[in-house]
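Asks: Here it is, the structure in full.
In UniProt numbering, the protein residues as written are 1 to 275.
Below you can see the structure in the form of structure tokens.
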């Protein structure tokens, strides 16, 4: 189930990255001004998923195509980039998650077994064919995401009605940082979970157009953190410090940076239990 207390890793692709029919659709979508802002999008997605799940699951519903839109530069040329939502697969994922940890009789009543295979098929096909442009993490930011960006790419907005903390970078830079981080982790730590997860993220980035933009958005987490914490947040720097420590075989520096990160984000994760 989508949560309002979530962070997001998004890839925005130029319109020319899509097949001709899809490119024409997204051009009309942009020209008609239908795009939803990133501040409103998570709530819209959550409402759509909840409504679809409440439909009795006689079938997987047909859902509208929606996307976030931004303007970027290719050389000196301004281009439009889109980040599709893939709502149908979000509903399928939520249906499968809703069965986790629930007694069989209740799970079957909520999501009938006949639809489990359909939901799994939708998830697998969409991930294989359409590429999910947005990854979601609830109650925290995965450490591997911080590898992809630099402090200079931070955008912080603190207004009475709008709080934003995000990073945007060219996908080429994100790929370079991911692969550099992988080399360090493989050499120093080997095939441990953090190495595997960064490898998956690097592989995910490779599936997109080279003119894409990567966005790390703290999303609803900005509502959990005081302004001072948002201003002073140096998670990106700490991850870079940790990797640099590993690279020069300074275990103490790497451990100190890692412990600061874990302590900081554990406080946010513990809020899920109180929630």
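A virtual CB, placed ideally from N, CA and C, is assigned to each residue, including glycine.
By Cβ distance below 7 Å, which residues in the same chain neighbour residue 172 in space, the five residues on each side in sequence not counted?
Replies: Taken in chain order, the residues that qualify are 210.
Asks: When DSSP labels each residue in this structure, what does residue 33 get in the three-state scheme?
Replies: Correct three-state label for residue 33: coil.
Asks: When the Cα atoms are used, what is the spatial distance from residue 232 to residue 203?
Replies: Approximately 31 Å, taken between the alpha carbons.
Asks: Taking the straight line between their C-alpha atoms, what separation do you get for residue 138 and residue 69?
Replies: Their backbone Cα atoms lie some 23 Å apart in a straight line.
Asks: Alpha carbon to alpha carbon, what distance is there between residue 147 and residue 119?
Replies: Straight-line Cα distance between these residues: approximately 32 Å.
Asks: With 16 as the cutoff for other CB atoms within 10 Å, does residue 223 come out buried or exposed?
Replies: Exposed, by the Cβ-count rule.
Asks: When we look at the beta-carbon of residue 132 and count the other beta-carbons within 10 Å, is it buried (16 or more) or exposed?
Replies: Its Cβ being crowded by 16 or more others within 10 Å, residue 132 is buried.
Asks: For the stretch 161-197, which segments carrying the beta strand (DSSP E) assignment without a break, of at least 3 residues, lie completely within its bounds, in sequence order?
Replies: The stretch 161-197 contains these whole beta strand (DSSP E) runs: 162-170.
Asks: With H, G and I counted as helix, E and B as strand and the rest as coil, what does DSSP make of residue 104?
Replies: Reduced to three states, the DSSP call for residue 104 is helix.
Asks: Give every residue of the same chain whose Cβ lies closer than 6 Å to the Cβ of residue 218, excluding the five residues on either side of it in the sequence, and list them in chain order.
Replies: Excluding sequence neighbours, residue 218 sits near 7, 165.
Asks: Compare the beta carbon distance of residue 10 and residue 206 with 8 Å and say whether it is the shorter of the two.
Replies: Going by C-beta atoms, residue 10 is not nearer than 8 Å to residue 206.
Asks: Looking at the structure shown, is residue 252 part of a helix, part of a strand, or coil, going by DSSP?
Replies: Residue state, collapsed to three classes: helix.
Asks: Would you say the stretch 59-68 touches the stretch 32-46, given that touching needs at least three Cβ pairs under 8 Å?
Replies: Enough Cβ pairs lie closer than 8 Å, so yes.
Asks: What does a CB cutoff of less than 7 Å around residue 78 pick up in its chain, not counting 5 residues either side in sequence?
Replies: Once the five neighbours on either side are set aside, the close Cβ partners of residue 78 are 71.
Asks: If contacts are defined as beta-carbon pairs under 8 Å, then residue 228 and residue 168 qualify, I think. What distance do you get, rounded to the angstrom?
Replies: The pair is not a contact, with the Cβ atoms about 23 Å apart (cut-off 8 Å).
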